[in-house]
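Going by the numbering used here, the first residue of the sequence shown is number 1, and it counts up by one from there. Cβ coordinates follow ideal geometry from the N, Cα and C atoms, glycine included. Every value quoted in this text rests on a predicted model; they were computed, and no experiment measured them. Take a look at the structure below.
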Amino acid sequence: MTRKNRYANRARISTGQVRQLVRFFVLDLTASQIALLTGVNRNTVNRYVHALRERIALVCEAQSPFRGEVEVDASYVGARRVKGKRGRGAYGKTIVLGIFQRNG
Numbered sequence: 001m002t003r004k005n006r007y008a009n010r011a012r013i014s015t016g017q018v019r020q021l022v023r024f025f026v027l028d029l030t031a032s033q034i035a036l037l038t039g040v041n042r043n044t045v046n047r048y049v050h051a052l053r054e055r056i057a058l059v060c061e062a063q064s065p066f067r068g069e070v071e072v073d074a075s076y077v078g079a080r081r082v083k084g085k086r087g088r089g090a091y092g093k094t095i096v097l098g099i100f101q102r103n104g
């Protein structure tokens with residue numbers, strides 16, 4: 001039996017369709033939009049897109065300088081709070097971001 005797709009075993013979509021699917025994924029289209037444009041079932045598109053996201057996460061995790069549990073916290077530093085101004089609590093203040101790696 002010949003392989004129809006070089007990226008997955010026993011796939012029913014062709015290599016060209018997979019490449020087209022990846023192109024549309026990069027353009028940030030939804031699975032429904034990709035399914036309409038490629039002629040592939042939406043569930044199949046969801047499965048391939050999920051596999052792409054998992055692979056991207058693995059590569060990003062391997063390249064990350066942090067390992068294990070990471071704690072992130074943000075605070076605003078600056079002038080006092082202005083009373084009576086709803087939603088203006090962070091205006092004119094500087095954000096301070098802290099990243100802490102546990103057990104590493």
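For residue i, is the classification buried or exposed, using 16 other Cβ atoms within 10 angstroms of its Cβ as the cut-off for buried?
i, result
"Leu21", "buried"
"Val45", "buried"
"Ala79", "exposed"
"Gln101", "exposed"
Which residue's Cα is closest to the Cα of residue i: the options?
i, options, result
"Ile56", "Val26, Val70, Ala31 and Gln33", "Val26"
"Ile99", "Ala74, Val45 and Ile13", "Ala74"
"Arg19", "Ser32, Thr2 and Leu37", "Leu37"
"Asn103", "Leu97, Glu69, Val77 and Tyr76", "Glu69"
"Leu52", "Tyr76, Phe24 and Lys93", "Phe24"
"Val77", "Glu54, Ile95 and Glu71", "Ile95"
"Thr30", "Thr2, His50 and Lys93", "His50"
Output the distance between the C-alpha atoms of residue i and residue j, rounded to the nearest integer angstrom.
i, j, result
"Ile34", "Arg67", "35 Å"
"Tyr48", "Tyr91", "43 Å"
"Arg12", "Lys4", "7 Å"
"Asn9", "Lys93", "55 Å"
"Ser14", "Leu97", "46 Å"
"Ser32", "Gln17", "15 Å"
"Arg6", "Glu54", "19 Å"
"Glu71", "Pro65", "14 Å"
Per DSSP, which residues does residue i bridge with? Please list them.
i, result
"Gly98", "Asp73"
Next item on the list: Evaluate the contact criterion for the region 27-47 versus the region 56-71: three or more CB pairs, one atom per stretch, below 8 Å.
Entry: no
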